[in-house]
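Trainee: Here UniProt numbering is used: position 320 in the sequence shown is 320, and no number is missing along the way. Here a beta-carbon is modelled for each residue, glycine too, at the ideal position from N, C-alpha and C.
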Amino acid sequence: MNSAGQILTDQQDVINEFIAFYQALLGGERRVRLMDLCYLRPWARHIINEDEAIHLTRRVTPDEAKQAVFDIDEDKAPGPDGYSSGFFKAAWPVIGKEVTQAILDFFTTGRLLKQVNTTLLSLIPKVQNPTLVAEFRPISFCNVLYKVITKIIVQRLSGVLDDLISPSQNAFVPGRSIGDNILLAQELFHGYNQQHLPPRCALKVDIRKAYDTVEWDFLSAVLKLFGFPPLFILWIEECVTTPSFSVCLNGSPHGFFRGARGLRQGDPMSPYLFVLVIEVLNLILQQIIEQDGGFTYHWRCEALHLFQLGFADDLLLFRKADVDSVHTFNRGLTIFADLSGLHVNPQKRHLILSRSTSDVRDTLLTLLDFREGFLPLRYLGLPLLASRLTIADCKPLLLKIDIRIKGGMALYCHLQGVSSSSNQCWLHSRFIGLWHLFCLTRSYRKLRSGFARFFGRVPMEGDMQKFHGNRCVGLSMKAVWAYGTFMP
């Protein structure tokens with residue numbers, strides 16, 4: 001169905017609709033705006049110092065380039081050139097010298113051949129029966145040579161993220177766990193159903209087309225804000241701002257257009273750059289809270305100066321349920337959207353109010369133009385509640401896992417298909433690995449039973465027998481969470 005609501009049946013019309021949509025989303029006119037975010041530095045946790053700048057821009061060695069090539073899994077999808085990392089590894093004695101030289105040339109000149117940065121967009125449905133182009137998620141298939149370059153950059157960038165990113169953001173920062181925010185959010189929502197506790201509320205915010213709509217001029221300003229050295233910024237900008245796209249439909253590429261915005265899902269560098277972008281929202285809110293003086297912290301959060309929990313673009317904003325505090329968040333989100341190009345998804349923004357806020361409920365909902373949300377609330381794949389967990393609260397997650405287990409049966413005929421689907425598609429191990437902290441023993445038993453049925457029906461031959469034996473013998477409590485969910 002196209003944007004006008006007309007059903008498309010002709011194959012070429014469908015192809016044209018997809019190309020037009022993604023060209024408008026990722027291409028078109030590039031925004032050019034001079035902006036300086038250094039006024040936010042007083043609220044930043046850390047600014048890159050001279051020693052860190054030297055470490056970030058140190059010379060790339062041939063061994064470092066080779067290691068980056070061999071660190072890419074062989075079963076990763078190839079880019080538009082058709083070559084997977086398995087080819088590069090197998091042919092390394094023949095092509096290793098030339099590949100290494102190409103990588104080193106980039107870090108010397110800061111220039112990337114446009115052919116290296118071509119990208120295939122593979123479309124993954126976000127809903128069960130998609131009817132609109134917007135209901136697909138574009139995953140970028142980048143060339144191996146490009147991914148090697150960005151993996152080297154990521155290796156250096158990840159070493160400074162823990163100092164730069166606030167503790168409330170737990171996505172893609174080495175050493176941090178998604179479970180920390182889940183546990184903290186559960187504690188903050190506890191007692192929301194009680195009348196006698198202080199009035200408080202939370203905003204559940206999801207960024208619309210988050211990676212795809214980051215403006216490049218804003219990203220450059222963010223890197224300068226945190227003090228990254230000019231050469232390191234040049235490397236990142238050359239990688240981010242020079243892509244061209246084709247849309248992959250029914251196994252064939254269609255269309256060709258240059259990018260004008262966005263971070264590619266599938267680029268090893270994108271998650272780390274995105275958390276830097278989202279950190280600016282935290283700095284903007286800190287500035288407004290400190291300078292305006294009308295903000296009141298959520299109950300039990302003032303000592304920690306806690307007002308936000310984030311996992312990439314999935315945000316929870318906490319504060320007292322009063323008009324001044326709501327104005328603070330509303331203003332911060334508006335400023336951030338104007339600077340970055342990232343806007344709140346109107347379909348996924350909810351205001352969760354405690355029971356003691358009935359007198360201001362309508363005022364706050366009208367002021368924010370948010371939908372009212374209710375507990376239990378699903379956050380990062382797990383239910384958050386105001387009271388004790390029941391078996392009914394676990395059923396939706398159990399049902400979803402069961403569907404994915406059954407879907408995995410269709411792939412059991414090929415070991416690589418089972419391993420790749422289990423690692424990437426049909427089980428989100430980062431969520432399920434913490435599920436035993438929240439869900440009941442009865443739910444765990446049902447989950448274990450589902451895994452047992454699945455693996456009991458997988459043929460036990462050759463490598464499959466080795467896979468089966470190493471991963472899930474016994475299906476004990478530890479095995480289910482550590483191995484049954486295929487955590488790497």
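In whole angstroms, what separates the C-alpha of Glu290 from that of His46?
Mentor: 18 Å
Trainee: List, from N- to C-terminal side, the alpha helix (DSSP H) runs of 4 residues or more that fit wholly inside the stretch 266-297.
Mentor: 270-292
Trainee: Using a Cβ-Cβ cutoff of less than 6 Å, which residues in the same chain neighbour Ala337 once the five nearest sequence positions on both sides are dropped?
Mentor: Excluding residues within five positions, the ones whose Cβ falls inside 6 Å are His343.
Trainee: Per DSSP, which residues does Thr119 bridge with? Please list them.
Mentor: In DSSP, Thr119 forms a bridge with Cys142 and Phe245.
Trainee: Please classify Ala202: does DSSP put it in a helix, a strand, or coil?
Mentor: strand
Trainee: Just curious, the alpha helix (DSSP H) that Phe107 is in, first and last residue?
Mentor: Per DSSP, Phe107 belongs to the alpha helix (DSSP H) from Trp92 to Thr109.
Trainee: Curious, which full-length alpha helix (DSSP H) runs of at least 4 residues does the stretch 319-361 contain?
Mentor: 323-340
Trainee: Assuming Pro253 is part of the beta strand (DSSP E), what are its boundary residues?
Mentor: Boundaries of the beta strand (DSSP E) harbouring Pro253: Ser252 to Arg258, taken from the DSSP string.
Trainee: If you reduce the DSSP assignment to three classes, tell me which class Glu215 lands in.
Mentor: coil
Trainee: Would you list the one or two residues that DSSP bridges to Glu372?
Mentor: For Glu372, the pairing in a beta bridge is given by DSSP as Leu351.
Trainee: Select from Ser3, Lys348 and Glu372 the residue whose C-alpha is nearest the C-alpha of Ala210.
Mentor: The residue with the shortest Cα to Cα distance from Ala210 is Lys348.
Trainee: Does the structure place the stretch 214-224 close enough to the stretch 36-44 that three or more beta carbon pairs sit under 8 Å?
Mentor: Because the criterion of three Cβ pairs below 8 Å is met, the stretch 36-44 and the stretch 214-224 touch.
Trainee: Between Glu215 and Arg31, which are expected to be in contact by the criterion C-beta below 8 Å, what is the C-beta distance as a whole number of angstroms?
Mentor: Going by Cβ atoms, the distance from Glu215 to Arg31 rounds to 5 Å, so yes, they are a contact pair.
Trainee: Thinking C-alpha only, which one of Ala303, Asn143 and Ile233 is nearest Ile48?
Mentor: Ile233
Trainee: Have a look at Leu281, Gln155, Val173 and Val154 and flag the residue whose alpha-carbon is nearest the alpha-carbon of Asp162.
Mentor: Val173
Trainee: Just checking, does the stretch 108-119 make contact with the stretch 241-261 on the three C-beta pairs under 8 Å criterion?
Mentor: yes
Trainee: Go ahead and label Gln194 buried or exposed: buried means 16 or more other beta carbons lie within 10 angstroms of its beta carbon, across all protein chains shown.
Mentor: exposed
Trainee: State the CB to CB distance for the pair Ile165 and Met269, rounded to an integer number of angstroms; the pair is presumed to be in contact (CB under 8 Å).
Mentor: At roughly 15 Å, the Cβ-Cβ gap does not stay under 8 Å, so Ile165 and Met269 are not in contact.
Trainee: Since Gly310 is in the beta strand (DSSP E), which residue starts that stretch and which ends it?
Mentor: DSSP places Gly310 inside the beta strand (DSSP E), whose first and last residues are Gln308 to Phe311.
Trainee: Take the Cβ of Arg378 as the centre, count every other Cβ of all protein chains shown within 10 Å, and call the residue buried at 16 or more, exposed below.
Mentor: exposed
Trainee: Have a look at Ile7 and Phe88 and give me their C-alpha separation to the nearest angstrom.
Mentor: 44 Å
Trainee: For Leu385, which of Phe189, Val14 and Pro62 has the nearest alpha-carbon?
Mentor: Phe189
Trainee: Ordered along the chain, which non-local residues of its own chain (more than five positions away) have a Cβ less than 7 Å from that of Ser122?
Mentor: Sequence-distant Cβ neighbours of Ser122 in its own chain, meaning closer than 7 Å and more than five residues away, are Ile139, Phe141 and Cys248.
Trainee: For the alpha helix (DSSP H) that Leu234 lies in, which residues bound it at each end?
Mentor: It spans Pro230 to Val240 - the alpha helix (DSSP H) in which Leu234 sits, taken as one unbroken run.
Trainee: Within this structure, are the beta carbons of Asn117 and Tyr146 separated by less than 7 Å?
Mentor: yes
Trainee: Going by C-alpha distance, which of Pro346, His327, Phe136 and Gly310 is nearest Gln265?
Mentor: Phe136
Trainee: Can you list, in chain order, the residues of its chain with a C-beta nearer than 8 Å to that of Ala20? Leave out the 5 residues immediately preceding and following it.
Mentor: none
Trainee: State the CB to CB distance for the pair Leu26 and Gly262, rounded to an integer number of angstroms; the pair is presumed to be in contact (CB under 8 Å).
Mentor: The pair is a contact, with the Cβ atoms about 5 Å apart (cut-off 8 Å).
Trainee: What are the boundary residues of the alpha helix (DSSP H) that includes Leu377?
Mentor: Element bounds for Leu377: not the alpha helix (DSSP H) but the beta strand (DSSP E), Leu377 to Tyr379.
Trainee: Based on the DSSP output, what are the partners of Gln169 in its beta bridges?
Mentor: Gly310
Trainee: Report the residue from Phe18, Ala102, Gly96 and Gln186 whose alpha carbon sits nearest the alpha carbon of Pro130.
Mentor: Phe18
Trainee: Give me the residue from Ile103, Asn282 and Pro376 with the minimum Cα distance to Pro42.
Mentor: Of the candidates Ile103, Asn282 and Pro376, the one whose C-alpha sits nearest the C-alpha of Pro42 is Asn282.
Trainee: Whose C-beta lies closer than 6 Å to the C-beta of Leu285 among residues of the same chain, with five residues either side of it excluded?
Mentor: If the five residues before and after Leu285 are omitted, its C-beta is found closer than 6 Å to the C-beta atoms of Gly332, all from its own chain and listed in chain order.
Trainee: If I measure Cβ to Cβ from Gln23 and keep anything under 6 Å in the same chain, skipping five residues before and after, which residues do I get?
Mentor: Phe257
Trainee: Identify the continuous beta strand (DSSP E) that holds Pro383 and give its terminal residues.
Mentor: Looking at the DSSP string, the run of the beta strand (DSSP E) that includes Pro383 is Leu382 to Leu384.
Trainee: Chain D beta carbons: is any one of them nearer than 7 Å to that of His327?
Mentor: The structure shown contains no chain D; it holds only a single protein chain.
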